[in-house]
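Engineer:
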Amino acid sequence: MEQSRRNEGEENAPVKVTGDAESSEALEALVLDVLDGDKAEDIIAIDLRGKSSVTDAMVIASGRSARHVGAVADHLMTKLKESGRSPRVEGLPACDWVLIDAGDVVVHLFRPEVRSFYNLEKLWSVEPEPAKSKH
Numbered sequence: 006m007e008q009s010r011r012n013e014g015e016e017n018a019p020v021k022v023t024g025d026a027e028s029s030e031a032l033e034a035l036v037l038d039v040l041d042g043d044k045a046e047d048i049i050a051i052d053l054r055g056k057s058s059v060t061d062a063m064v065i066a067s068g069r070s071a072r073h074v075g076a077v078a079d080h081l082m083t084k085l086k087e088s089g090r091s092p093r094v095e096g097l098p099a100c101d102w103v104l105i106d107a108g109d110v111v112v113h114l115f116r117p118e119v120r121s122f123y124n125l126e127k128l129w130s131v132e133p134e135p136a137k138s139k140h
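Here it is in C-alpha cells:
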C-alpha cells in the first residue's frame, strides 16, 4: 500500500511517498526504540500487513500515569517529526488513551486501567507478547 504525504505547511514541496516494507519496518523500529527509551510498559507490536488497509503495524503500550502517557506521546511525536513524518495525534488533553497515527504505524498509548478495559490485543486476536526493541 503506497501513500502520498506532504509535510504540513509545504503545499508546493515534493510529496513524500511511504508505504514500502523497508520504510514501514524502519518506522516501527523508531517507534519501539522511543517507547522503550521512555520506559513505556507492556509494549506490543502487531503486524497488520494483509489484515488492514489502514496501516501496516499497530503498537500498543502503557504508561504508568496520565502524565507519563503524555510525556511519552510528546517525545514520540517530536522524534517522528524529526524523521520527516507528519504524525496525527488524538487524546493528548486527557492522556488516558493517546493515539498517534504515523501512517504506516499507528501507536496506542494507554494508562493501564484504560488499556485493560478496551483490550485492543483481544480485538486483533493477539496474545500479549512483548515487542522486541530493534537496536
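First residue of the sequence shown? That's 6 in the numbering used here, and the numbers climb one at a time after it. Beta carbons: idealized from backbone N, C-alpha and C, even for Gly.
Which first and last residues belong to the alpha helix (DSSP H) in which Ala76 is found?
Structural biologist: In the sequence shown, counting from the first residue as 1, residue 76 sits at position 71. Per DSSP, Ala76 belongs to the alpha helix (DSSP H) from Ala71 to Glu87.
Engineer: Taking 9 Å as the threshold (beta carbon to beta carbon), is Glu46 in contact with chain C?
Structural biologist: No chain C is present in this structure, which holds just one protein chain.
Engineer: DSSP has Ala50 in a bridge; who is on the other side?
Structural biologist: Against the sequence shown, residue 50 aligns to sequence position 45. Paired residues: Val64.
Engineer: Inspect the CB distances between the segment 88-95 and the segment 60-69 and report whether three or more fall short of 8 Å.
Structural biologist: Verdict: no, contact absent.
Engineer: Taking only three categories from DSSP, how would you classify Asp106?
Structural biologist: Here residue 106 is taken as the residue at index 101 of the sequence shown, counted from 1. The answer is strand: DSSP assigns Asp106 an E or B state.
Engineer: Please report the straight-line C-alpha distance between Ile48 and Asp41, rounded to a whole angstrom.
Structural biologist: The residue given as residue 48 occupies position 43 in the sequence shown. The residue given as residue 41 occupies position 36 in the sequence shown. Spanning the two alpha carbons is a distance of roughly 8 Å.
Engineer: Within a Cβ cutoff of 7 Å, which residues of the same chain sit near His80, ignoring the five residues on either side of it in sequence?
Structural biologist: In the sequence shown, counting from the first residue as 1, residue 80 sits at position 75. The answer, listed in chain order, is Val39 and Asp43.
Engineer: Measure the CB-CB distance between Val103 and Met63 and report whether it falls below 9 Å.
Structural biologist: Residue mapping note: residue 103 aligns to position 98 of the sequence shown, counting from 1. Residue mapping note: residue 63 aligns to position 58 of the sequence shown, counting from 1. Against a cut-off of 9 Å, the Cβ pair of Met63 and Val103 comes out as no contact.
Engineer: For the candidate residues Asp101, His73 and Lys86, whose alpha-carbon lies nearest to that of Glu118?
Structural biologist: In the sequence shown, the residue the question calls residue 118 occupies position 113. Per the Cα distances, Asp101.
Engineer: Would Val112 and Val36 be called neighbours here (beta carbons separated by less than 9 Å)?
Structural biologist: Reading the sequence shown from its first residue, position 107 is the one you call residue 112. Reading the sequence shown from its first residue, position 31 is the one you call residue 36. In contact: Val112 and Val36 (Cβ atoms closer than 9 Å).
Engineer: Pick out whichever of Ser28, Ala76, Gly89 and Asn124 has its Cα sitting closest to the Cα of Leu97.
Structural biologist: The count along the sequence shown starts at 1 and reaches residue 97 at position 92. Closest by alpha carbon: Ala76.
Engineer: So, under 8 Å CB-CB, Ile51 and Met82 are touching, yes? Tell me the CB distance rounded to an integer number of Å.
Structural biologist: Translated into positions along the sequence shown, residue 51 becomes position 46. Translated into positions along the sequence shown, residue 82 becomes position 77. With a Cβ gap of about 21 Å, Ile51 and Met82 do not count as contacting.
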